[in-house]
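Residue numbering for the sequence shown follows our numbering, beginning at 25 and increasing consecutively. For every residue, glycine included, the Cβ atom is placed at its ideal position computed from N, Cα and C. Take a look at the structure set out below.
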Amino acid sequence: MPELPEVETIVGDLNKKIRGYQIISFWTDWRKTIKIPLAEFQKGILGKRIEKIKRRAKNILFFLSNGKVMLVHLKMTGHLLIKNQKSKIKNQFFAERVNQYIHHIWFLKKGHSQLSLEFSDLRKFGKIELFDKKELADHRELSKLGLEPLEKSFGLEDFKKILKKKPNWSIRDLLLDQRFIVGIGNIYVSEILFDAGIDPRKKVSSLIEKEKRKIYISMIKILAKAIELRGTSDSDYRDTFGAPGGFQKVLKVYGRTGEKCLRKNCKGVIIREKLKQRSSFRCPICQK
25 MPELPEVETI VGDLNKKIRG YQIISFWTDW RKTIKIPLAE FQKGILGKRI
75 EKIKRRAKNI LFFLSNGKVM LVHLKMTGHL LIKNQKSKIK NQFFAERVNQ
125 YIHHIWFLKK GHSQLSLEFS DLRKFGKIEL FDKKELADHR ELSKLGLEPL
175 EKSFGLEDFK KILKKKPNWS IRDLLLDQRF IVGIGNIYVS EILFDAGIDP
225 RKKVSSLIEK EKRKIYISMI KILAKAIELR GTSDSDYRDT FGAPGGFQKV
275 LKVYGRTGEK CLRKNCKGVI IREKLKQRSS FRCPICQK
């Protein structure tokens, strides 16, 4: 599933490329993704201008000119592609199999420019909603989400307050729980805790002040670096160009089972273990 860096990358692209465009048509072959009747959905978006796009956790929010918000969640295998309808130049990435599972298309126009926003989703788990902007604060799912780790207002003390809420949880479980801190999944929790040198199984209550600070710093560092490299393409994720991200090239533990630890002077070998039915990666030597 795309995590915070992947969704942030997509939102950045969308704001640069389709902000100000008008939705002139919509096509779908999988109505189940749309959580309201199709006719109602089309009535709410057609002819409307996309004013801005924002990210909340792993959700993409399109703010429309009629006061509606269109929410898109990519779930396990979804990604959004932007295509120029008039261009004769072929994009090599669009031909990849992973970019061929198109189930929803928004046709867009701004002046003489015509684009399409296409939702490729192999497993068809994605979600599309439409609701009034005034309902945003009380949205049944968005209202339950935790703090954004990359917000400037999110400091070390805020992180410590979150840690106090679940002292008996493992640090890994807490970082993964979207009710406390949003956007972190299996890939980045493994990388964050490796960078901090912390065993993912470690109880929150056993963390000393120095370790709390290390985790906080590593969280900001790893997420920011992943955004800089346009996300991690572990399997299905692609950016709006259809291209893979670059963070998978610098992964230290995730997906490296049986390989040597990359920390200087450590002779450990990366192990994979199941923690609450999810894969976790760590070095048994330098993560304590």
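In this model, Y212 and C310 are separated by some 18 Å (Cα to Cα). DSSP places F305 in the uninterrupted beta strand (DSSP E) bounded by R302 to R306. Taking all protein chains in view, the Cβ of V274 is surrounded by fewer than 16 other Cβ atoms within 10 Å, so the residue is classified as exposed. Here A119 is exposed: its Cβ has fewer than 16 other Cβ atoms, across all protein chains shown, within 10 Å. Following the DSSP letters along the chain, one finds S214 inside the alpha helix (DSSP H) bounded by residues N210 to A220.
Put simply, of A220, D223 and D182 the residue whose alpha carbon is nearest the alpha carbon of I205 is D182. The C-beta of R302 has fewer than 16 other C-beta atoms within 10 Å across all chains shown, which makes the residue exposed. Taking C-alpha positions only, A220 is separated from I239 by approximately 5 Å. Here A161 is exposed, its C-beta having fewer than 16 other C-beta atoms within 10 Å. The beta-carbon separation of Y261 and E30, rounded to 5 Å, stays under the 8 Å limit for a contact.
For Y125, the closest of P224, T101 and I208 by C-alpha to C-alpha distance is T101. Taking every protein chain shown into account, the CB of P268 has 16 or more other CB atoms within 10 angstroms, so this residue is buried. By the neighbour-count criterion, in which 16 or more other beta carbons inside 10 Å mark a residue as buried, L62 falls on the exposed side.
Residue environment: N108 is assigned as exposed (fewer than 16 neighbouring CB atoms within 10 Å of its CB, all protein chains considered). In this structure, G207 places its C-beta atom within 8 Å of the C-beta atom of P173. When DSSP states are grouped into helix, strand and coil, S137 belongs to the strand group.
Per DSSP, the continuous beta strand (DSSP E) segment holding Q46 begins and ends at Q46 to T52. When the five nearest sequence neighbours on each side are left out, the beta carbons in the same chain lying within less than 6 Å of the beta carbon of S257 are those of P268, G269 and Q272, in order along the chain.
Taking the C-beta atoms as reference points, V93 is found no nearer than 8 Å to I84. For M243, there is no enclosing beta strand (DSSP E); the enclosing alpha helix (DSSP H) has its first and last residue at E233 to E252. Y45 has its alpha-carbon roughly 10 Å from the corresponding atom of N39.
The criterion of a C-beta distance shorter than 8 Å is not satisfied by F265 and T281.
DSSP places L62 inside the alpha helix (DSSP H), whose first and last residues are L62 to I69.
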